[in-house]
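All you need for the working numbering is the position in the sequence shown, starting with 1, plus 1.
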Amino acid sequence: MACLFLASRFARKCARPAAPSAPRKFREFQQWVDAAGLLGASHIRVFAGNLPGGATEEQGIAWVVETMKPACDYAAKRGVTLGIENHGGMTARAATTLEILRRVDSPYAGINLDISNFASKSDDEMYSDIQACVPYATHAHIRDLFGATKRPIDLDRVWRLFAQGEYKGYMSAEYEGEEDPMTGVPKLLEKIKVLCRKYSSA
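Below you can see the structure in the form of structure tokens.
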């Protein structure tokens with residue numbers, strides 16, 4: 002197993018270090034880290050979550066960091082890396098995601114990089130955001146359409162960015178197209194296989 006996907010949201014009120022439910026939430030998280038270790042998964046996907054109402058971005062970043070630091074310390078004991086996913090909310094922008102990682106400052110923290118999820122202003126900016134995050138990526142979600150605009154993603158361009166950033170992790174398919182998944186998913190998987198073969202030897 003390459004990755005265990007959790008929906009822990011480190012910026013939400015339930016995950017704030019001072020929140021009454023924080024100890025219980027952290028114990029639940031520890032159980033999933035233990036499960037990942039038993040399953041042989043080297044990576045767990047986590048979310049920063051949405052910014053609580055009335056809070057500033059700076060406060061949100063601080064809460065995520067304060068919660069993620071001890072989470073990474075625990076995950077390190079099991080040899081598990083935490084990949085914070087760019088999944089809207091606090092991590093809708095590459096700059097914020099990278100700032101969180103900079104402050105967490107742990108070899109067991111990385112990015113679960115979804116190539117279609119940044120709230121970028123243009124397609125070119127989306128590719129720039131992907132490029133900025135690739136060096137910190139520990140797992141990747143591959144789609145063939147941008148999440149917001151539904152425009153096609155130039156997957157060959159994306160693979161070049163991963164190759165330039167010396168990415169060595171898994172590429173997992175995430176299909177949300179309008180075509181029947183029974184035919185759409187195999188097509189996406191074939192694109193991924195072709196590009197992996199092309200760039201693995203590059």
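Glycine included, each C-beta is placed from N, C-alpha and C at the ideal position.
- Note on geometry: alpha-carbon atoms of Y171 and G84 lie some 13 Å from one another.
- G41 and A76 have their C-alpha atoms roughly 13 Å apart.
- Taking a cut-off of 8 Å on C-beta distances, the stretch 100-110 does not touch the stretch 150-167, as fewer than three cross pairs fall below it.
- Ranking I112, Q32, C73, T82 by CA distance to the CA of T92 puts I112 first.
- Separation of A95 and A133 (C-alpha to C-alpha, rounded to the nearest whole angstrom) is 7 Å.
- Counting every other CB atom within 10 Å of its CB across the protein chains shown gives S201 a total below 16, marking it as exposed.
- Measuring C-alpha to C-alpha distances from D106 to each of G90, C73, I154, A36 identifies C73 as the nearest.
- Restricting attention to D145, K78, E179, A141, the CA atom closest to the CA of L39 is found in K78.
- The alpha carbon of Y109 has as its nearest neighbour, out of C197, K122, K70, the alpha carbon of K70.
- Separation of A120 and P153 (C-alpha to C-alpha, rounded to the nearest whole angstrom) is 16 Å.
- Note: P153 is bridge-paired with L146 in the DSSP secondary-structure output.
- Within its own chain, the residues whose Cβ lies closer than 7 Å to the Cβ of T98, once the five positions on either side in sequence are excluded, are I85, N87, T92, I112, C134, listed in chain order.
- Nearest in C-alpha terms to E179, of all of T82, L146, D157, is L146.
- Within the same chain, L196 come within 7 Å of D157 by CB-CB distance, once the 5 residues on both sides are set aside.
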